[in-house]
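A.B. asks: Residue numbers (the numbering used here): 4 to 582.
Glycine included, C-beta positions come from ideal geometry on N, C-alpha and C.
Pasting a structure below so you can have a look.
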């Protein structure tokens, strides 16, 4: 087990070096050299103390009376200089590394498809991107500080101790060696606790995001106290595990302190006997005790840094676990470039099961004719949204195939497939950006004139111009300053701007009142003209003028035809619309 853990630590350390640290080699070398100088200046201080006792106090040497104070000033000046710049450079390194890791992780998360987000909640992703990446960099910085400064300081002081007395040095080491076994146990326990507390924090993030996202529902049902109690329980859970972690992590420093106290006490007793017997000078003994007391500091630092290293190692594990969730597609440009001119979409005996095994649709064959409007109707759960998800390449069919202008959608790259699509969904998201930027989200590089033209076509120009700063007005998080109907008109403007050959509309006017819907229908008709339009709607008024109707039922196609033919021939169709 120990071999496996060591191998894993080495593997993650190598990977971290190659992917995140190596490019900062020059900066780290300079920082390391500064830390080495700091360590050396610390290590020689006991020797200066020895000279004070032997040359100044005992021999009254005026030369050393001037030399030693000057040497101390020089040493401390050098130490202050190197300490400042090494801390500054290490801070620069950690900040840059945090930024790199966050960018890398966020980019990877964005590259994944819908299936990935169904398995990873937003709280967990937020925790790994924002909260946990600093743990890794702090551990790396602590490693360089520990081994470039503390370790070298400890080695230098150990050399001074050996120089003063081999016997006292060996006696002192016995006390420190006693701490090895409990420190190993502490490290193992800490790793388990840090992984648990990271999971707890991620879960807490998810629940807080959930409560804030549903604040209108919380307020409407007067559930503030319920949410406070629920989140408080999760916070208490994190607090309990944090306390457990601290109880374990903080035991190393006092353990080393106590052992160091025993060691110093014994050295004073043993060394005093050596002094009385004439085998040591006062300078030797004071220098040794000074070196020993200074030696306990880097040793305590090295031992207590184990908790920081473990915390960083666990965070690095979780970081690479996320990066190793390979996207289903190699890249968004991987595959054939889909060339869409007409927008003819054909489903041939398509079936699909979600990753959890649920059968969403089966044996579905539909022809969405180029330039025509096809309406998908049916009760919730009949498979309408799954058809949209498959066209958007959010998922791949488990049976059958989908063709666009005779080309296999499965072989097409994600980018080229989605470039041919525009969607207006009932789940509208408005970004915390200006109205101009929100509509411009529909097509990268669109000019302001094109964005305004799209807004006018979607009938949202008028209300945007009434905003405090017009198109430059920030719409707030999730569009809090807009009504539901205004949000949907922004979404329709995005679709106008995108100007794609295939248009998908999922309950596109569900948030609009009948009058507003009627006013907007002319724009929707204009948007649909000469495009392959696929509409999901529960309102008959929305789809009654469709060229073709497809009635979905229990994951299959129950009937197809025009509104008139289905009204005459299909009891299920009549029942669906309550006719």
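#1: Going by DSSP in three states, residue 368 sits in which element: helix, strand or coil?
#2: Could you give the residue range of the beta strand (DSSP E) that holds residue 63?
#3: In this structure, how does DSSP classify residue 153 when only helix, strand and coil are distinguished?
#4: Can you give me the Cβ contacts of residue 292 inside the same chain, cut-off strictly under 8 Å, excluding the 5 residues immediately before and after it?
#5: Quick check: residue 104 and residue 139, are their CB atoms within less than 8 Å of each other?
#6: Got a sec, what are the start and stop residues for the beta strand (DSSP E) residue 376 sits in?
#7: Between residue 559 and residue 363, what straight-line distance do the alpha-carbon atoms span, to the nearest angstrom?
#8: Have a look at 311, 290 and 148 and flag the residue whose alpha-carbon is nearest the alpha-carbon of residue 251.
#9: Starting from residue 437, follow its DSSP beta bridges and name the residues at the other end.
#10: Can you grab the Cα-Cα spacing for the pair residue 493 / residue 84, in whole Å?
#11: Suppose contacts are defined by Cβ-Cβ distances below 8 Å. Is residue 425 in contact with residue 526 by that definition?
#12: Under 8 Å, do residue 480 and residue 435 count as touching if we go by C-beta distance?
#13: Using a 10 Å radius around the Cβ and a threshold of 16 neighbouring Cβ atoms, would you call residue 333 buried or exposed?
#14: Which of helix, strand or coil does DSSP assign to residue 508?
#15: Who are the Cβ neighbours of residue 376 in its own chain at under 7 Å, not counting the five residues just before and after it?
#16: Looking at the unbroken alpha helix (DSSP H) that takes in residue 44, where does it start and where does it end?
#17: So, with DSSP's three-state summary, where would you put residue 240?
#18: Do you know how far the Cα of residue 338 is from the Cα of residue 42?
#19: Would you be able to state if there are at least three C-beta pairs under 8 Å between the segment 241-251 and the segment 161-177?
#20: With three or more beta-carbon pairs closer than 8 Å as the criterion, would you say the segment 13-24 touches the segment 318-327?
#21: Starting from the C-beta of residue 146, find all residues in its chain whose C-beta is less than 7 Å away, skip the five residues before and the five after it, and write them out in chain order.
#22: Just checking, does the segment 387-401 make contact with the segment 561-574 on the three C-beta pairs under 8 Å criterion?
#23: Looking at C-alpha atoms only, which residue of 504, 554 and 232 is the closest neighbour of residue 386?
#24: Can the beta-carbon of residue 406 be found less than 8 Å from the beta-carbon of residue 396?
#25: Could you check what DSSP says for residue 337 in three-state terms: helix, strand or coil?
#26: Hey, could you find the ends of the beta strand (DSSP E) residue 405 is sitting in?
#27: Taking DSSP as the reference, what is the three-state secondary structure of residue 348?
#28: Could you tell me which residues DSSP pairs with residue 410 in its beta bridges?
#29: To which residues of the same chain is residue 582 closer than 6 Å at the C-beta, ignoring the five residues directly before and after it?
#30: Take residue 207 as the anchor and find which of 197, 239, 221 and 371 has the nearest alpha-carbon.
#31: Quick one: any contact between the segment 112-122 and the segment 54-68, if contact means 3 or more CB pairs under 8 Å?
#32: Roughly how many whole angstroms lie between the Cα atoms of residue 328 and residue 357?
C.D. replies: The answer reads as follows:
#1: strand
#2: Premise fails: residue 63 is in no beta strand (DSSP E) and is neither H nor E.
#3: Note: residue 153 maps to helix in three-state DSSP.
#4: 267, 270, 271 and 274
#5: yes
#6: 376-380
#7: 9 Å
#8: 311
#9: By DSSP's assignment, residue 437 forms a beta bridge with 477.
#10: The straight-line gap from Cα to Cα measures roughly 58 Å.
#11: no
#12: yes
#13: Below a pLDDT of 50, predicted positions are generally treated as unreliable, and residue 333, at 49, falls in that range; no measurement from the model is reported.
#14: Residue 508 falls in the strand class under three-state DSSP.
#15: 531, 536, 538, 549 and 550
#16: Its alpha helix (DSSP H) spans residues 28-46.
#17: In this structure, residue 240 counts as helix in the three-state DSSP scheme.
#18: Cα to Cα, the separation comes out at about 57 Å.
#19: no
#20: yes
#21: Answer for residue 146: 312, listed in chain order.
#22: Touching, no.
#23: 554
#24: No, the Cβ-Cβ distance between residue 406 and residue 396 is not below 8 Å.
#25: DSSP places residue 337 in coil when its eight states are reduced to three.
#26: 402-407
#27: strand
#28: 407
#29: none
#30: 239
#31: no
#32: 18 Å
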